[in-house]
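Chemist: Below you'll find the structure I mean.
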Amino acid sequence: MAEFASEVATSAAEMRALFPATPLQRNNFLSSRYNAEIYLKREDLSPVRSYKIRGAFNAMRKAIKARKTTDFVCASAGNHAQGVAYACRHFGVHGVIFMPVTTPQQKIEKTKVFGEDAIEIRLIGDYFDVTLGAAMDYCESQGAHFLSPFDDADVIEGQASVALEILEQMPHAPDMIVLPVGGGGLSSGVKRFCSEMEPQINLQLVEPEGGASLTAALSVGNPVILGSLDTFVDGAAVARIGDRNFEMLRDIPPDHVHTVPEDRICGTILEMLNHEGIVLEPAGALVVDVLPDIAEMIAGKTAVLVTSGGNFDFERLPEVKERAQRYAGLKKYFILRLPQRPGALRDFLEMLGPDDDIARFEYLKKSARNFGTVLIGIETSSADQFDTLFAKLDAEGFAYRDITNDETLAEFVV
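Okay, so the sequence shown: first residue is 10 according to the numbering used here, each after it adds one.
Laid out in structure tokens, this is it:
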């Protein structure tokens, strides 16, 4: 066994004191839909509901073994913080976790539960850059060990244990492994392990459209900072892929890296929840959401999808449903100029079909003018229904404007 793979095997064996291997499950629903043998590697079922515990555990284990320190620090508002907290409690060491002030209370409380009295949480900064700076300053002043979420050799090694478990859990190596990409810790670790042990495995990587840092790096040959970042897929939306991670991923063919739209991911989250009873966070749903894009490639093959996390805050469910409906064309918002005369509203309502439901109705401006401006949100059962509705509005001379995809305007009025 090559050196890296051997180190990964040692790391995985040590992890068994902390948690068992996560399940590898054949998914009948997806296998039937895509005419393939599709397995889910359920990292959403780890003790902290994500794979991040692996890297945190391994980096901490090695630092303790080398007697570098027993004081650890991280900056995170999500899965990395929870993995660090859990590992601190396991090893009985002290951890300081820096989080932005804007971190939802649910995530703070969850991290506290995992770490108990082994950790302390410090809320600093409205933005992550400020939080990270404070964590680094603390490390320098206190001599503590900083645990990077992805750009660290020991973290990468720990995340690679996912690949080792997949090979141990299957009777033969899969044809393909589909992985999410954020900072690159998981994807680079799995790639390096597979290149040593099963180089024929086809790796397909998936990023959110609004945080495609690997795609950007591959296009110019080195890591770059994205000009804008959509943080909806918070577990994988990273402005710059890690340096170490990119070095391991730089020879990935660009057509093996896919980007998927955030709103479509919302539909996948709902489908997996309602149809399969599987709770996935946006980053965890990436590998399922990409399946329509690689359907021809995957047909007749055995594929493992790494569902990287299931830390989904159900307070986000209304937003997820809204975004999914809008992407599917089942919900639209528009501004209507309604004549200020008796019966005008009735005339409009009579244009609606039997499956059209008014989800929002609000006068934006009341005045004595001849027309009033109305914000209307409509849900329906088929996207084609809107073509029928708009044709009726045009025929009757109603003035309207579809603002569903106008992000700037919708942000203020929807």
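Backbone N, C-alpha and C fix where the C-beta goes; we use that ideal spot for every residue, glycine too.
Is the Cβ of GLU280 closer than 9 angstroms to any Cβ of chain C?
Modeler: No chain C appears in the structure shown, which is made up of a single protein chain.
Chemist: Return the chain-ordered list of same chain residues with a C-beta closer than 6 angstroms to the C-beta of TYR342, the five sequence neighbours on each side being excluded.
Modeler: Result list for TYR342: GLY386, ILE412, THR413, VAL423, in chain order.
Chemist: What is the DSSP secondary structure of HIS181, counted as helix, strand or coil?
Modeler: In the structure shown, HIS181 sits in coil (DSSP, three-state: anything other than H, G, I, E or B).
Chemist: Bridge partners for LEU289 per DSSP, in chain order?
Modeler: None; LEU289 has no bridge partner.
Chemist: Determine the contact status of PRO189 and VAL215, defining contact as a CB-CB distance below 9 angstroms.
Modeler: Against a cut-off of 9 angstroms, the Cβ pair of VAL215 and PRO189 comes out as a contact.
Chemist: CA-CA distance, ARG332 and ASP80?
Modeler: So the alpha carbons of these two residues sit roughly 42 angstroms apart.
Chemist: Ignoring anything shorter than 3 residues or poking outside the region 227-288, list the beta strand (DSSP E) runs there in chain order.
Modeler: Fully enclosed beta strand (DSSP E) runs of 3 or longer: 266-269.
Chemist: When the Cα of PRO232 is compared with those of LEU258, THR389, PRO217, which residue comes out closest?
Modeler: When only C-alpha atoms are compared, the closest one is LEU258.
Chemist: Looking at the strands, I want to know which residues DSSP matches up with ASP411.
Modeler: Note: ASP411 sits in a beta bridge opposite PHE343.
Chemist: Do the region 325-340 and the region 64-78 meet, that is, are 3 or more Cβ pairs less than 8 angstroms apart?
Modeler: Output reads no: the region 64-78 does not touch the region 325-340.
Chemist: Using DSSP with H/G/I as helix, E/B as strand and the rest coil, what is ASP138?
Modeler: DSSP places ASP138 in helix when its eight states are reduced to three.
Chemist: For LEU33, which residues from the same chain have a beta carbon less than 8 angstroms from its beta carbon, with the 5 sequence-adjacent residues on both sides left out?
Modeler: Same-chain partners within the cutoff: TYR48, LEU49, LYS50, ARG51, GLU174, ILE175, GLN178, MET179, VAL313.
Chemist: So GLY142 packs on ALA127, CB below 8 angstroms; how close in whole Å?
Modeler: So it is not a contact: roughly 24 angstroms between Cβ atoms.
Chemist: By alpha-carbon positions, which one of ARG350, PHE107, ALA353 ends up nearest to GLU129?
Modeler: Nearest option by C-alpha distance: PHE107.
Chemist: Note down, in chain order, each residue of its chain lying with its Cβ closer than 6 angstroms to the Cβ of PRO263, except the 5 sequence neighbours on either side.
Modeler: LEU227.
Chemist: Whose C-beta lies closer than 6 angstroms to the C-beta of GLU405 among residues of the same chain, with five residues either side of it excluded?
Modeler: For GLU405, where only same-chain residues beyond five positions count, there are no Cβ hits under 6 angstroms.
Chemist: Which class does ASN320 belong to by DSSP, given the choice of helix, strand or coil?
Modeler: Residue state, collapsed to three classes: coil.
Chemist: Relative to the C-alpha of LEU279, which candidate in VAL269, ASN211, PRO291, GLU207 has its C-alpha closest?
Modeler: LEU279 has its Cα closest to that of PRO291, out of VAL269, ASN211, PRO291, GLU207.
Chemist: Would you check if the distance between the CB atom of GLY318 and the CB atom of TYR60 is smaller than 9 angstroms?
Modeler: In contact: GLY318 and TYR60 (Cβ atoms closer than 9 angstroms).
Chemist: Where do the ends of the beta strand (DSSP E) carrying THR382 lie?
Modeler: Residues 380-388.
Chemist: Tell me the residue span of the alpha helix (DSSP H) that contains LEU354.
Modeler: LEU354 -> alpha helix (DSSP H) spans 353-358.
Chemist: Pop quiz: ARG63 and GLY192 are said to be a contact at Cβ under 8 angstroms. What is the actual Cβ separation, rounded to whole angstroms?
Modeler: In fact, because the Cβ distance is near 14 angstroms, the residues do not count as touching under 8 angstroms.
Chemist: Drop a sphere of 10 angstroms on the beta-carbon of ALA408, count the other beta-carbons inside from all chains shown, and report buried for 16 or more, exposed for fewer.
Modeler: Looking at its Cβ environment, which holds fewer than 16 other Cβ atoms inside 10 Å, ALA408 is exposed.
Chemist: What are the residues that DSSP puts in a beta bridge with SER59?
Modeler: Answer is GLY318, bridged to SER59.
Chemist: Rounding to the nearest angstrom, what Cα-Cα distance links LYS116 and ALA86 in this structure?
Modeler: If I take the Cα positions, the gap works out to 7 angstroms.
Chemist: Return the Cβ separation of LEU295 and ALA368 in integer angstroms, given the expectation that the two are a contact with Cβ distance under 8 angstroms.
Modeler: Not a contact, Cβ separation roughly 28 angstroms.
Chemist: In the DSSP assignment, what are the bridge partners of VAL105?
Modeler: According to DSSP, which records beta bridges pairwise, VAL105 is partnered with VAL82, GLU129.
Chemist: Around the Cβ of ASP160, are there at least 16 other Cβ atoms within 10 angstroms (buried) or fewer (exposed)?
Modeler: Flag for ASP160 reads buried.
Chemist: Hey, could you find the ends of the beta strand (DSSP E) ILE47 is sitting in?
Modeler: Segment 46-51, the beta strand (DSSP E) holding ILE47.
Chemist: Between the C-alpha atoms of THR389 and ASN320, what's the straight-line distance to the nearest angstrom?
Modeler: Distance between the alpha carbons of THR389 and ASN320 is about 30 angstroms.
Chemist: GLN349 by DSSP, collapsed to three states: which one?
Modeler: GLN349 falls in the coil class under three-state DSSP.
Chemist: Can the beta-carbon of ASN283 be found less than 9 angstroms from the beta-carbon of GLY194?
Modeler: The answer is no: Cβ separation not under 9 angstroms.
Chemist: Which term fits PRO158, buried or exposed, when burial requires 16 or more other beta carbons within 10 angstroms of its beta carbon?
Modeler: With 16 or more other Cβ atoms within 10 Å, it is buried.
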